[in-house]
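K.L.:
In this note's numbering, the protein residues as written are 3 to 408.
Okay, handing you the structure first.
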């Protein structure tokens with residue numbers, strides 16, 4: 003299983019630069035498509051709507067969807083080719099998501115390059131194996147997990163659409179990761195250079211219990227093991243060098259060759275189902291409401307990383323979490339809107355500092371002012387350096403956007 007760590011010397015830097023150039027050629031050829039899994043709601047964040055609509059911009063309140071789409075629009079301008087965008091919604095937010103895109107003029111992206119499609123819903127059971135009811139006449143249903151994308155691709159004939167558009171590689175990510183570098187050229191280049199059918203991006207775990215997938219081999223087959231399914235002694239196991247045995251965590255940023263996805267569908271591969279125990283209100287057949295008592299609901303989900311086991315060649319590519327991973331999973335604490343806004347501000351402040359402008363910081367080094375840069379204004383410190391003016395006040399919040407009307 004090829005594993006490429008972050009570069010640590012001149013030779014590795016040259017390999018990454020070569021891969022980046024290769025990836026840029028793929029983008030300029032129009033060989034790349036992008037897929038986001040966005041079926042979730044913002045309920046756990048206290049937000050009444052699709053999670054992709056959540057406002058996360060440190061200054062502007064830009065939504066997750068706007069950040070992601072503006073990144074793609076910027077890349078389309080750079081490489082001169084459309085970047086088809088496939089959005090997997092759920093029945094709960096499908097129409098809401100489309101309406102949000104329309105209300106915002108698709109955030110500047112050609113609507114002909116955005117395809118929204120809902121994932122499948124599955125019945126929910128109680129702990130005795132009985133079906134839960136949403137109402138006396140309706141079953142309780144739940145989305146089939148991000149692995150349900152294979153079923154949805156087949157049902158909506160989307161691989162055929164991708165093939166018609168000339169796509170050879172599909173970039174996959176989750177909507178709640180605001181830092182994701184969509185269709186990162188170096189990642190694309192390594193993926194094709196190594197002949198990988200499926201690739202995974204990883205980061206060094208914060209601690210043994212971080213809720214990330216764990217990559218390893220089982221009976222000679224590469225697998226991603228869900229954090230909840232890894233035994234406790236394995237989570238804390240260390241190598242002879244004192245490093246965590248499972249020290250790299252998968253961050254749900256994948257690349258697939260279209261040939262591989264077509265083979266999975268042609269062979270009618272079914273990914274395994276995983277059990278998730280949740281709290282869920284329900285009703286009796288007579289209509290009486292039953293409050294959610296403990297983990298009373300059993301949901302069945304598929305995980306896209308299980309496709310790893312069916313790939314003949316895979317690649318694992320490390321990235322720096324400060325540059326590419328800040329998910330929004332919780333209302334407070336780690337992996338929350340507050341940490342996502344902090345991480346965005348830190349990323350953008352780093353770009354400004356590389357250009358000689360130093361936003362105000364507290365004595366402990368943390369930023370004292372929020373910083374935000376639209377992807378349409380700049381996608382890197384180098385791009386920013388070609389545009390930045392010396393009139394910025396580093397003592398106040400900073401928002402850099404493309405001028406209205408351009």
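For every residue, glycine included, the Cβ atom is placed at its ideal position computed from N, Cα and C.
Given that a residue counts as buried once 16 or more other Cβ atoms are within 10 Å of its Cβ, and exposed if not, what is residue 287?
P.N.:
Taking the chain shown and counting its residues from 1, the one referred to as residue 287 is at position 285. Since pLDDT at residue 287 reaches only 49, below the 50 mark, its modelled position is unreliable, and the value read off the structure follows with that caveat. With fewer than 16 other Cβ atoms within 10 Å, it is exposed.
K.L.:
Rounded to whole angstroms, what is the Cα-Cα separation between residue 129 and residue 301?
P.N.:
The sequence position of residue 129 within the chain shown is 127, counting from 1. The sequence position of residue 301 within the chain shown is 299, counting from 1. So the two alpha carbons sit approximately 10 angstroms from each other.
K.L.:
Quick one: what's got a C-beta closer than 6 angstroms to residue 373's C-beta in the same chain, skipping five residues either side?
P.N.:
Locating residue 373 in the chain shown gives position 371, where the first residue counts as 1. Correct list, in chain order: 347, 350, 351, 361 and 400.
K.L.:
Which complete alpha helix (DSSP H) runs does the stretch 205–249 hold, if anything under 4 residues is left out?
P.N.:
234–237
K.L.:
Write down the C-beta distance between residue 50 and residue 179 rounded to the nearest angstrom, noting that I regard them as a contact closer than 8 angstroms.
P.N.:
One-based indexing of the chain shown puts residue 50 at position 48. One-based indexing of the chain shown puts residue 179 at position 177. Their Cβ separation, rounded to whole angstroms, is 22 angstroms, which puts residue 50 and residue 179 out of contact at 8 angstroms.
K.L.:
Please classify residue 230: is it buried, with 16 or more other beta-carbons within 10 angstroms of its beta-carbon, or exposed?
P.N.:
Taking the chain shown and counting its residues from 1, one reaches residue 230 at position 228. Classification for residue 230: exposed.
K.L.:
Leaving out the 5 sequence neighbours to the left and right, which residues in its chain are closer than 6 angstroms to residue 102 when beta-carbon positions are compared?
P.N.:
For the purposes of this step, residue 102 is identified with residue 100 of the chain shown, where counting begins at 1. 55, listed in sequence order.
K.L.:
Quick test of the definition: if touching needs 3 or more C-beta pairs under 8 angstroms, does the stretch 307–321 touch the stretch 330–338?
P.N.:
no
K.L.:
Rounded to whole angstroms, how far is the Cβ of residue 274 from the Cβ of residue 308, which I believe are closer than 8 angstroms?
P.N.:
Here the question's residue 274 lines up with position 272 in the chain shown. Here the question's residue 308 lines up with position 306 in the chain shown. Between residue 274 and residue 308 the beta-carbon gap is near 6 angstroms, inside 8 angstroms, which marks them as a contact.
K.L.:
In or out: residue 186 buried (at least 16 other Cβ within 10 Å) or exposed?
P.N.:
The residue you call residue 186 lines up with position 184 of the chain shown. Residue 186 should be labelled buried.
K.L.:
Using only the alpha-carbon positions, how far apart do residue 306 and residue 312 sit?
P.N.:
Position 304 of the chain shown, counting from 1, holds the residue named residue 306. Position 310 of the chain shown, counting from 1, holds the residue named residue 312. Roughly 11 angstroms separates the two Cα atoms.
K.L.:
Applying the 10 Å Cβ sphere with the 16-neighbour rule, what's the burial state of residue 125?
P.N.:
Sequence index remark: in the chain shown, residue 125 carries index 123 (1-based). The residue in question, residue 125, is exposed, as its Cβ has fewer than 16 Cβ neighbours within 10 Å.
K.L.:
Measuring alpha carbon to alpha carbon, tell me which of 345, 196, 385 and 264 ends up nearest residue 165.
P.N.:
Against the chain shown, residue 165 aligns to sequence position 163. Ranking 345, 196, 385 and 264 by Cα distance to residue 165 puts 264 first.
K.L.:
Mind checking residue 211: buried by the 16 CB within 10 Å criterion, or exposed?
P.N.:
To locate residue 211, count along the chain shown from 1; it is residue 209. Classification of residue 211: exposed, given that the 10 Å Cβ count is below 16.
K.L.:
Whole angstroms is fine: what's the gap from residue 182's alpha carbon to residue 382's?
P.N.:
To locate residue 182, count along the chain shown from 1; it is residue 180. To locate residue 382, count along the chain shown from 1; it is residue 380. So the two alpha carbons sit approximately 13 angstroms from each other.
K.L.:
Could you say if the stretch 215–232 and the stretch 57–70 meet the contact criterion of at least three C-beta pairs nearer than 8 angstroms?
P.N.:
Touching, no.
K.L.:
In whole angstroms, give me the CA-to-CA distance for residue 396 and residue 334.
P.N.:
Indexing the chain shown from 1 puts residue 396 at position 394. Indexing the chain shown from 1 puts residue 334 at position 332. When rounded, the distance between both Cα atoms is 28 angstroms.
K.L.:
Could you give the distance in angstroms between the alpha-carbon of residue 280 and the alpha-carbon of residue 97?
P.N.:
Within the chain shown, the letter at position 278 stands for residue 280. Within the chain shown, the letter at position 95 stands for residue 97. Roughly 26 angstroms between the two C-alpha positions.
K.L.:
Let's test the definition: count the other Cβ atoms within 10 Å of the Cβ of residue 290 and tell me whether it reaches 16, buried, or not, exposed.
P.N.:
Counted from its first residue, the chain shown places residue 290 at position 288. Residue placement at residue 290 is flagged as unreliable, the pLDDT there being 48, under the threshold of 50; a coordinate-derived value is accordingly withheld.
K.L.:
Across the stretch 246–266 and the stretch 200–207, are there enough close Cβ pairs to call them in contact, namely three or more that are closer than 8 angstroms?
P.N.:
yes
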